[in-house]
Amino acid sequence: MKNIENQYVMVGSKRNCKPFKMSYKTYGNGPNKVLFVMGFQSEGKYWSNILGKYMQEPEKYTICIFDQCGTGSSGYSYFSTFNELASDMVELLNHLKWDKAHVIALSTGCSIAWELASMKPDLIKSLNMISIPAFGVLSVKALRQLLMLPLYSRLYCIKKQELFTRLLVSDSFLYSPSKIKKGLNIVLNKELVIPLANKMHDERYGLKYMSRFSHAIAFAFYKPKPMDINLIERKFPIVNFIGTDDPFVPKSFIDLHIKLFKPNLIYMCRGAGHCLHVEDPERFNKLSMEFIDSANHYKSDSIDSKEKNQFFETKFLHFNSNNKIPSSNDPFPLKNSRLFSFLPKIIKNFIK
């Protein structure tokens, strides 16, 4: 959506601080309205690798990406809570005159989408949550890894941006041949993804300090609550995509996610990392579009009452299963390190 100009809407009437201009882009005029919610301090443009498929069918889909408060081209409104970020989305949807939307969210964006669904369930047609971290915070293991990025960057002379990239996607993906060729040469995904992650990393650190700080505090102290309605009363379906190699979603939290969100469908993506939609955009788009189609015919009152407190189906997908990961010449101890492991435990106990 590079050639589509940014549009702006004034939002933030529900905030304790001042309202601000939110930047957004829309494309298409189809009946399926799809809102994309990006993750922690990231701009909406980073959905670009999967938007092409939707843009090929403008008569079927109307899509919208946006920059959250304090990111990208959007304005800044001091401290932001999850409730306020969700309220901003309500105002955006009202401005677009969308009665209902299929919401696709990534990482901590899932927590904001969940807050939106809890606040205004009638606005949700379906909810697609990709790699939602535990309690909206970067999990104990992931927090430890993020804290150690500067340390390992110095010890192994690897740029922080590259280490950051390898937390977002699996090593097996980075070392697999890319489907995009440079001339006649076959390149690895690593050569294409790391420059993009560098840009994302630098943009993140280019945000106003108070914006970065307020987002981090909001994520760290947010705890999602179950909806007040049971599964049969919930009028929209939920799908979860979870990568088995995702350091931000430890296995111990998966059961917790299931109990809290009660998804109708779970895709366990074996070998995939945090940004699994980047690792296999074609398959992700296919499954997501199929889910949107099924959501248009969803009837919660047809669900067997015996299953009302259970998820219905788990499907296993294989990502990057044929790729070999080099180990000796390219060390990345971060994912298995136990150094300073006590720090996140102290932080976690403090949050409790």
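For the record, in the sequence shown the residue sitting at position 75 is 728 according to the working numbering, with numbers rising by one throughout. Cβ atoms here follow ideal geometry from the backbone N, Cα and C, with glycine treated the same way.
Does His927 pass the burial test, meaning 16 or more other C-beta atoms within 10 Å, or should it be called exposed? Translated into positions along the sequence shown, residue 927 becomes position 274. Per the 10 Å Cβ criterion, buried.
Is the CB-CB distance between Ile765 and Phe732 below 9 Å? Here the question's residue 765 lines up with position 112 in the sequence shown. Here the question's residue 732 lines up with position 79 in the sequence shown. Cβ distance not < 9 Å, so Ile765 and Phe732 don't count as in contact.
Going by DSSP, what residue range makes up the beta strand (DSSP E) through Phe689? Reading the sequence shown from its first residue, position 36 is the one you call residue 689. Element bounds for Phe689: 685-690.
Are the CB atoms of Ile891 and Leu918 nearer to each other than 9 Å? Working through the sequence shown from its first residue, we reach residue 891 at position 238. Working through the sequence shown from its first residue, we reach residue 918 at position 265. Closer than 9 Å, so yes.
Quick one: Cα of Leu913 to Cα of Met880, how far? Taking the first residue of the sequence shown as 1, we reach residue 913 at position 260. Taking the first residue of the sequence shown as 1, we reach residue 880 at position 227. Those two C-alpha atoms are separated by around 8 Å.
With Ser779 as the anchor, note down where its beta strand (DSSP E) starts and where it stops. Here residue 779 corresponds to residue number 126 of the sequence shown, with the count starting at 1. 777-783 is the extent of the beta strand (DSSP E) around Ser779.
So, helix, strand or coil for Thr679, using DSSP? As a position in the sequence shown, residue 679 is number 26, starting the count at 1. Of the three classes helix, strand and coil, the one that applies to Thr679 here is strand, per DSSP.
Which residue marks the beginning of the beta strand (DSSP E) containing Ala754, and which one marks its end? By one-based count along the sequence shown, residue 754 stands at place 101. The continuous beta strand (DSSP E) containing Ala754 extends over residues 754-759.
Closest by CA to Asp946, which one among Lys876, Phe689, Leu780? Along the sequence shown, read from residue 1 onward, the residue named residue 946 stands at position 293. The option with the nearest alpha carbon to Asp946 is Leu780.
Per DSSP, what kind of secondary structure is Asn659 in: helix, strand or coil? Walking along the sequence shown from the start, residue 659 turns up at place 6. Correct three-state label for Asn659: coil.
So what does DSSP say about His910, is it helix, strand or coil? Here the question's residue 910 lines up with position 257 in the sequence shown. The answer is helix: DSSP assigns His910 an H, G or I state.
Residue span of the alpha helix (DSSP H) that contains Asn893, given as start and end: The residue given as residue 893 occupies position 240 in the sequence shown. Counting along the chain, Asn893 falls outside any alpha helix (DSSP H), though it belongs to the beta strand (DSSP E) covering 891-896.
Give the DSSP-derived three-state secondary structure of His971 in the structure shown. In the sequence shown, the residue the question calls residue 971 occupies position 318. Residue state, collapsed to three classes: strand.
4 or more residues per run - each alpha helix (DSSP H) lying fully within the segment 796-830: Inside the segment 796-830, DSSP marks whole alpha helix (DSSP H) runs of 4 or more residues at positions 802-808, 813-821, 824-827, from first to last along the chain.
For Leu636, which of Asp752, Ile811, Arg887, Ile718 has the nearest alpha-carbon? No statement about residue 636 is possible, as the shown extent of the chain runs from 654 to 1005 and does not include it.
With three or more beta-carbon pairs closer than 8 Å as the criterion, would you say the segment 897-905 touches the segment 744-756? No: the two stretches stay apart, fewer than three of their Cβ pairs being nearer than 8 Å.
Unbroken stretches of the beta strand (DSSP E), 3 residues or longer, contained in the segment 693-728: Taking 3 residues as the shortest admissible run, the segment 693-728 contains the following complete beta strand (DSSP E) segments, listed from N- to C-terminal end: 714-719.
Can you name the start and end residues of the beta strand (DSSP E) that Ile945 belongs to? On the sequence shown, residue 945 is found 292 positions in, with the first residue counted as 1. In this chain, Ile945 is not harboured by any beta strand (DSSP E); it is covered by the alpha helix (DSSP H) spanning 934-948.
Provide the residue span of the alpha helix (DSSP H) that contains Met742, from first to last. As a working note, residue 742 is residue 89 in the sequence shown. Membership of Met742 in the alpha helix (DSSP H) is indicated by the continuous run 735-749.
Using a threshold of 9 Å, state whether the C-beta atoms of Ser829 and Gly896 are closer than that. Indexing the sequence shown from 1 puts residue 829 at position 176. Indexing the sequence shown from 1 puts residue 896 at position 243. Taking 9 Å as the Cβ cut-off, Ser829 and Gly896 do not qualify as a contacting pair.
Do Leu688 and Ile783 have their beta-carbon atoms positioned less than 9 Å apart in this structure? Translated into positions along the sequence shown, residue 783 becomes position 130. Translated into positions along the sequence shown, residue 688 becomes position 35. No, the pair does not count as a contact, with Cβ atoms beyond the cut-off.
Tell whether a beta-carbon distance below 9 Å holds between Leu738 and Ala871. For this step, residue 738 is matched to residue 85 along the sequence shown. For this step, residue 871 is matched to residue 218 along the sequence shown. Cβ distance < 9 Å, so Leu738 and Ala871 count as in contact.
Count the other CB atoms, across all protein chains shown, that sit within 10 Å of the CB of Met663; report buried if there are 16 or more and exposed otherwise. The residue labelled residue 663 in the question sits at position 10 within the sequence shown. Result: exposed.
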